[in-house]
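Student: Quick one: the structure is below, and I'll ask about it shortly.
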Amino acid sequence: MKTFTCLIKPVLIFILLFTSIETYANSKNVQSSLQVDPICVSIEGATVIEPDEGSSTVTLNLTLNRISNQAVKVHYSTTSRAIDPYFPENYNATAKWDLDFTGVGGYVTFYPGELSKQISVVVKGDKIDEDDEFFYVHLTHSSNAVLCNSEVAVLIIDNDNPPVLAVNDMAVKEQDEGQVQMKYYVNLSSHSGKEISFEYFTEQGTARAGSDYIAKSGKLIIPPGQTRAEFVIPVLGDTEIEPTEKFKVKIFNAQNAVLSKNELNATIWNDDGTLPAINITGSAEVQEDADSVVFYITLSKPSTDTVKADIKTNSNSGYGFATPDLDFNTLDQRLVFLPGETSKAVAVYILEDTLSEPNEVFNVSLTNFINSGHGHSVRECKILDSESITLIQSPLIVQKAEDNGNVFIKLNLSRPAPDTVRVQYATQDSTAIAGQDYISESGIVTFLPGQTEQSISVAAILNTGAESTEYFFVNYTAATGAVLANNRTTVAVYDFYDKPSLYTEVGKLNVIEGTGGITNVDVKILLSHPTHLPVPVYLYVGGRPGIYGPDAVNGSDYEQIKDTITIPAGDTSILYTVKVIADNLYEPEEVIQLNVDPIGDVALPSGGIDSDLYLYIENDDNPPLIYIDDVSIPEGNAPTYVNFKARLDKRIATIVRANITPVVNGIEQSPFEISAENFTSGNSIDSLIEFSYLVNGDLIIEPDETIVFKLSNPYESTIGDSTGIITLLNDDGSSLKVTVNVPDSIVANEGEDFYLTFFLTNPLDASFNYSTENGTAINGLDYQADNSTANFFSNTLPDFSYSYGFGTYTDDLIEGTEYYYINLSTPSNPNLILTNNRVKIVLMDKTEPSARSGSSSISSVDEKNSRSKITNVFTPNGDGINDLFVIPNLETSVNELQVFNKQGMQVYKRSNYQNDWDGQGCADGTYFYSLKLQKASGEYEVKKGYITLIRSLK
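So in our numbering, spot 710 of the sequence shown is number 725, and the numbers just go up one at a time.
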């Protein structure tokens with residue numbers, strides 16, 4: 016028993032302890048040590064560099080804080096802007112959905128045991144310089160987990176270079192007064208996502224602020240996405256004849272762009288006529304024993320201003336050049352041409368000596384011009400030695416490209432020699448080394464009697480490495496039979512890569528075209544560095560279609576040039592003039608290309624954009640005015656398309672468009688477009704744009720009709736007159752006559768309204784006047800006066816009949832039958848013919864039953880006192896029974912029968928009626944008759960009543 020008891024006690028103790036602990040924990044609301052933190056999903060932000068093209072992928076990591084024994088699911092999506100309003104990222108640099116990144120969304124599932132997942136977003140590339148941008152990844156709808164963070168940002172780092180900002184130089188004609196706007200066109204090499212700006216200011220040159228242009232400074236802002244802008248410098252006009260003037264525009268402080276250059280040239284071309292050109296002429300040679308040589312300085316035309324220039328003598332030092340104050344007297348003075356003067360003469364005194372020497376050269380030059388241009392401003396003069404010696408002449412310098420060929424040096428005698436002439440020569444190193452750069456040579460050159468030309472040949476050696484120009488000498492000694500003009504020739508061996516490059520000062524230049532005459536554009540052609548030889552240059556001026564703009568046309572936009580000029584040895588530039596032809600043609604910006612190519616191998620083309628000049632001719636003509644003139648055309652007889660024409664007031668070299676909306680009877684029809692392109696001949700253009708429109712002709716006599724064409728939405732044009740009125744002339748009334756059947760008389764009952772009906776034989780738009788006139792019936796007592804117009808319209812009633820109502824009055828007087836008249840007059844159309852111009856209206860007195868026109872039976876007629884009886888009904892149906900309107904007992908005496916329909920229209924009239932009317936032309940119905948009979952006494956009596964016509968009765 017003890018053993019059993021010992022086994023039970025520990026169990027009881029354990030249970031009691033466990034219960035006590037749990038109860039204590041619950042009573043104190045203390046969490047058990049078995050509870051842990053909830054499953055939490057986190058997402059990490061990321062950074063990616065934007066590719067230049069195509070796309071790349073950015074990966075974002077999602078993690079759980081610990082392993083879950085259940086599947087954890089969470090939804091993700093991309094957005095352009097943060098959803099959390101407190102998200103601390105840059106809201107102003109938002110990446111655009113589907114432009115900067117591809118929007119994605121979906122669910123990510125962490126299966127039991129997984130702690131991390133990844134999602135990928137495609138980032139799209141571009142070459143647009145822009146701010147770094149953000150997009151956001153948002154987490155929602157988690158299951159079996161909570162969200163540690165619900166949103167992260169992805170930063171797209173932009174690595175694109177800012178665009179290059181280019182502005183071309185500009186040139187304008189100054190005009191005589193007012194201002195000309197010199198527009199500088201700013202172009203970006205690419206789009207930018209940033210705002211671009213720069214500042215600018217003008218700087219004086221030969222053009223002066225306040226008198227030639229208005230000084231200006233400012234800041235230009237180009238909004239994101241735009242690639243072009245412009246700013247304007249006002250140029251002031253005047254009538255002063257002056258040279259071309261220049262100033263500069265400085266550009267600085269560019270933001271979010273790189274300046275291609277920070278200084279712009281501004282050229283103002285004088286348009287007030289040309290300044291007189293100053294030229295110098297005179298003898299090219301003078302004998303040494305002469306006293307002086309005279310030079311003539313002339314102006315190309317008289318000037319209204321005083322013209323000034325400096326004149327002076329010049330001479331280089333060395334063999335073959337005259338020495339000032341030894342061979343000639345130095346000249347240095349100021350020339351003044353008063354208004355109207357055009358010529359001056361200046362003498363240079365020659366000094367003789369007894370030395371036997373070569374002919375020597377000096378020159379006279381003009382400089383520092385005021386109120387003139389310069390033409391030929393230098394004149395060279397050679398002093399011929401009077402001692403008559405023979406000279407051995409050799410070049411001072413010869414240039415040779417480095418290759419395996421020979422360099423040839425020509426030696427000449429100044430005149431044939433009677434005896435043999437000899438001279439020794441030998442090469443000498445300078446920077447060029449014999450055996451490396453050339454092959455050393457020496458020898459004797461011999462001129463036989465009568466010969467004047469020989470040459471020396473020295474072989475050059477080609478080196479493969481790039482090097483600068485190198486030199487060696489050919490020295491001349493021991494001359495016999497003649498005198499050396501100079502004793503050394505320098506040979507320059509230049510490396511191919513050391514040739515100077517040939518280019519223009521600016522690659523692009525804008526010029527305002529103008530409206531007449533020639534605009535001279537001075538172009539500076541440059542060498543990258545000087546050379547020892549003159550550089551011949553071939554120039555060609557022509558159009559350049561389809562590359563930089565529309566092709567300018569030779570002869571109408573510019574003067575074509577094919578020319579050769581030479582840049583002198585040692586110089587690095589030369590000016591050349593391109594002639595632009597102004598016009599009043601409205602056209603787009605056109606392009607002229609000045610091709611600049613070196614001749615030979617002395618220089619190289621630059622190969623860049625500035626190797627040629629592209630001259631942009633800016634159109635300054637207003638767009639053409641477009642009109643539709645008012646015209647009149649025959650209407651025609653059937654629907655047909657008619658050609659109309661619109662007109663421009665000037666020539667064009669572009670496409671012009673406009674919309675036309677026809678307005679017919681006040682109702683706008685569907686609009687259509689008209690256009691014209693490239694009409695360039697003549698001083699103006701009329702009837703350029705033809706278009707067709709359907710006109711509905713007819714056979715109706717009617718007034719002339721109109722169609723209004725309204726112009727709108729002009730493109731490359733301005734509306735001169737917004738409407739054109741097209742009059743359709745009625746052509747149906749020249750021969751067709753229209754008759755109006757007018758009854759002689761009608762019968763009406765006193766006190767009742769009646770209708771007077773007119774029938775037209777054809778449709779017609781016309782009218783006539785009508786008016787009442789007293790007879791025995793009196794206006795105001797027996798009838799109502801009416802004075803008005805009867806109008807007829809061709810498109811209303813198919814039977815061309817018109818009825819007009821009239822009123823009568825009643826009274827209790829026994830006064831018998833009375834009458835009055837309705838007079839017709841003044842037809843509006845000469846083709847309208849009235850069969851009668853007066854209608855007699857017979858009024859039946861209602862107080863006299865035997866006379867009342869409304870009697871329903873012929874029995875109302877007194878048979879005892881009447882010679883005739885009238886049957887009420889007849890049936891003209893062809894059955895031989897009662898087919899004619901018969902009046903029994905009608906004697907063959909003088910009578911007259913009239914029959915009227917209910918509208919009061921006379922449908923039958925016959926004098927001496929013979930009982931033979933069959934109702935032809937009348938429909939079934941009731942008609943009113945009036946029978947006038949002559950009594951034996953010669954007096955007349957009238958019988959009236961109703962008859963009924965029935966054809967359908969058989």
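We put the beta carbon where it would ideally sit given N, CA and C, even for glycine.
Grouping DSSP H, G and I as helix and E and B as strand, with all else coil, what is Val119?
Tutor: Along the sequence shown, read from residue 1 onward, the residue named residue 119 stands at position 104. The answer is coil: DSSP assigns Val119 none of H, G, I, E or B.
Student: Counting Cβ pairs closer than 8 Å, one from the region 269-285 and one from the region 185-199, do we hit at least three?
Tutor: Result yes; three or more Cβ-Cβ pairs closer than 8 Å.
Student: Determine the burial state of Gly953: buried for a count of at least 16 other Cβ atoms within 10 Å of its Cβ, exposed for fewer.
Tutor: As a position in the sequence shown, residue 953 is number 938, starting the count at 1. Exposed, by the Cβ-count rule.
Student: Starting from Cys55, follow its DSSP beta bridges and name the residues at the other end.
Tutor: To locate residue 55, count along the sequence shown from 1; it is residue 40. Answer is Val161.
Student: Does the separation of the CB atoms of Arg430 and Thr461 fall below 8 Å?
Tutor: Residue mapping note: residue 430 aligns to position 415 of the sequence shown, counting from 1. Residue mapping note: residue 461 aligns to position 446 of the sequence shown, counting from 1. No.
Student: From Glu604 to Ile580, what does the alpha carbon distance come to, in whole angstroms?
Tutor: Your numbering for residue 604 matches position 589 in the sequence shown. Your numbering for residue 580 matches position 565 in the sequence shown. Rounded to the nearest angstrom, the two C-alpha atoms are 29 Å apart.
Student: What separation, rounded to the nearest whole angstrom, lies between the Cα atoms of Val556 and Asn383?
Tutor: Within the sequence shown, residue 556 is the residue found at index 541, counting from 1. Within the sequence shown, residue 383 is the residue found at index 368, counting from 1. Spanning the two alpha carbons is a distance of roughly 31 Å.
Student: If Gly220 sits next to Lys261, beta carbons under 8 Å apart, how far is it from one beta carbon to the other, in whole angstroms?
Tutor: To locate residue 220, count along the sequence shown from 1; it is residue 205. To locate residue 261, count along the sequence shown from 1; it is residue 246. With 8 Å as the limit, Gly220 and Lys261 qualify as a contact, their Cβ atoms being about 4 Å apart.
Student: Spatial neighbours of Lys231 within its chain, please: C-beta separation below 6 Å, excluding the five flanking residues on both sides.
Tutor: Mapped onto the sequence shown, residue 231 falls at position 216. Closer than 6 Å at the Cβ level, and outside the excluded window around Lys231, lie Thr217 and Ile248.
Student: Here's a check: name, in chain order, each residue in its chain whose Cβ is nearer than 6 Å to the Cβ of His156, leaving out the five neighbours to either side.
Tutor: Position 141 of the sequence shown, counted from the start, is the residue given in the question as residue 156. These residues qualify, in order along the chain: His90.
Student: Look up Ile229 in the DSSP assignment and say whether it is helix, strand or coil.
Tutor: In the sequence shown, counting from the first residue as 1, residue 229 sits at position 214. Three-state result, Ile229: coil.
Student: Please list the terminal residues of the continuous beta strand (DSSP E) segment that includes Leu463.
Tutor: Taking the first residue of the sequence shown as position 1, residue 463 is located at position 448. Looking at the DSSP string, Leu463 is not in any beta strand (DSSP E), and its letter there is neither H nor E.
Student: Given Arg853, which residues of its chain have a CB within under 6 Å of its CB, disregarding the five upstream and five downstream residues?
Tutor: Taking the sequence shown and counting its residues from 1, the one referred to as residue 853 is at position 838. Result list for Arg853: Tyr836 and Asn838, in chain order.
Student: Just mark Pro654 as buried or exposed, buried being the case when its beta carbon has 16 or more other beta carbons within 10 Å.
Tutor: Position 639 of the sequence shown holds residue 654. Label assigned to Pro654: exposed.
Student: Would you say Asn927 and Asn910 are within 8 Å of each other, going by their C-beta atoms?
Tutor: Translated into positions along the sequence shown, residue 927 becomes position 912. Translated into positions along the sequence shown, residue 910 becomes position 895. In this structure, Asn910 lies closer than 8 Å to Asn927 by Cβ.
Student: Under the three-state reduction of DSSP, which class applies to Glu68: helix, strand or coil?
Tutor: As a working note, residue 68 is residue 53 in the sequence shown. In the structure shown, Glu68 sits in coil (DSSP, three-state: anything other than H, G, I, E or B).
Student: Can you tell me whether Ser70 is buried or exposed, with buried defined as 16 or more other CB within 10 angstroms of its CB?
Tutor: Within the sequence shown, residue 70 is the residue found at index 55, counting from 1. Its Cβ having fewer than 16 others within 10 Å, Ser70 is exposed.
Student: From this set, Leu170, Leu353 and Glu145, which residue's C-alpha is nearest Ser207's C-alpha?
Tutor: Indexing the sequence shown from 1 puts residue 207 at position 192. It is Glu145.
Student: Are there 16 or more other CB atoms within 10 angstroms of the CB of Ser83, so buried, or fewer, so exposed?
Tutor: As a first step, residue 83 must be located in the sequence shown, where it is residue number 68. The residue is buried, with at least 16 neighbouring Cβ atoms inside 10 Å.
Student: The beta strand (DSSP E) with Asn794 in it runs from where to where?
Tutor: The count along the sequence shown starts at 1 and reaches residue 794 at position 779. Element bounds for Asn794: n/a, residue is neither H nor E.
Student: Can you tell me whether Gly458 is buried or exposed? The criterion is at least 16 other CB atoms within 10 Å of its CB, across all chains shown.
Tutor: Residue numbering aside, residue 458 sits at position 443 when the sequence shown is read from its first letter. Burial call: exposed.
Student: By alpha-carbon positions, which one of Asp115, Val593, Pro551 and Glu574 ends up nearest to Ile582?
Tutor: As a first step, residue 582 is located in the sequence shown; it is residue number 567 there, counting from the start. Of the candidates Asp115, Val593, Pro551 and Glu574, the one whose C-alpha sits nearest the C-alpha of Ile582 is Pro551.
Student: Give a yes or no on contact between the region 464-479 and the region 374-392, applying the rule of three or more CB pairs nearer than 8 Å.
Tutor: no
Student: Kindly give me the distance between the Cβ atoms of Thr850 and Val757, rounded to whole angstroms, as I take these residues to be in contact under 8 Å.
Tutor: Counting from one through the sequence shown, the residue named residue 850 turns up at place 835. Counting from one through the sequence shown, the residue named residue 757 turns up at place 742. Yes, they are in contact, since the Cβ atoms of Thr850 and Val757 sit about 5 Å apart, within 8 Å.
Student: For the putative contact between Glu602 and Ile667, defined by C-beta atoms under 8 Å, what is the C-beta separation to the nearest angstrom?
Tutor: Numbered from its first residue, the sequence shown carries residue 602 at position 587. Numbered from its first residue, the sequence shown carries residue 667 at position 652. The Cβ separation is near 7 Å, so the contact holds.
Student: May I ask you to report which of helix, strand or coil DSSP gives Lys855?
Tutor: Taking the first residue of the sequence shown as position 1, residue 855 is located at position 840. Strand at Lys855.
Student: Determine the direct distance from the alpha carbon of Thr721 to that of Tyr961, and round the result to whole angstroms.
Tutor: Here residue 961 corresponds to residue number 946 of the sequence shown, with the count starting at 1. Here residue 721 corresponds to residue number 706 of the sequence shown, with the count starting at 1. Each residue's alpha carbon lies about 50 Å from the other.
Student: Going by DSSP, what residues sit across from Asp347 in a beta bridge?
Tutor: Counting from one through the sequence shown, the residue named residue 347 turns up at place 332. In DSSP, Asp347 forms a bridge with Lys327.
Student: Using only CA atoms, which one of Gly465, Pro410 and Tyr708 lies nearest to Val436?
Tutor: Locating residue 436 in the sequence shown gives position 421, counting from the first residue. If we check each option's Cα against that of Val436, Gly465 comes out closest.
Student: Taking 7 Å as the limit between beta carbons, can you name the residues of its chain near Ile670, skipping five residues before and five after?
Tutor: Position 655 of the sequence shown, counted from the start, is the residue given in the question as residue 670. Here the set comprises Ser690, Glu692 and Glu731.
Student: Rounded C-beta distance between Glu650 and Leu743? I'm assuming under 8 Å.
Tutor: Taking the first residue of the sequence shown as 1, we reach residue 650 at position 635. Taking the first residue of the sequence shown as 1, we reach residue 743 at position 728. Right, the Cβ-Cβ distance comes to about 4 Å (below 8 Å), so this counts as a contact.
Student: Using a Cβ-based criterion (distance less than 7 Å to any ligand heavy atom), does Gly333 qualify as near the ligand FAD?
Tutor: Because no ligand of any kind appears in the structure shown, any question about the ligand FAD cannot be addressed here.
Student: Helix, strand or coil for Tyr785 per DSSP?
Tutor: Against the sequence shown, residue 785 aligns to sequence position 770. DSSP places Tyr785 in strand when its eight states are reduced to three.
Student: Compute the Euclidean distance between the alpha carbons of Lys577 and Leu628, then round it to the nearest angstrom.
Tutor: Here the question's residue 577 lines up with position 562 in the sequence shown. Here the question's residue 628 lines up with position 613 in the sequence shown. If I take the Cα positions, the gap works out to 15 Å.
Student: Tell me the rounded alpha-carbon separation between Thr38 and Val56.
Tutor: The count along the sequence shown starts at 1 and reaches residue 38 at position 23. The count along the sequence shown starts at 1 and reaches residue 56 at position 41. Because the pLDDT of Thr38 is 33, which lies under 50, any placement of that residue in the model is unreliable, and the number read from its coordinates should be weighed accordingly. Near 35 Å, if we compare the C-alpha coordinates of Val56 and Thr38.
Student: If I measure Cβ to Cβ from Pro410 and keep anything under 6 Å in the same chain, skipping five residues before and after, which residues do I get?
Tutor: For the purposes of this step, residue 410 is taken as the residue at position 395 of the sequence shown. Contacts found: Thr504.
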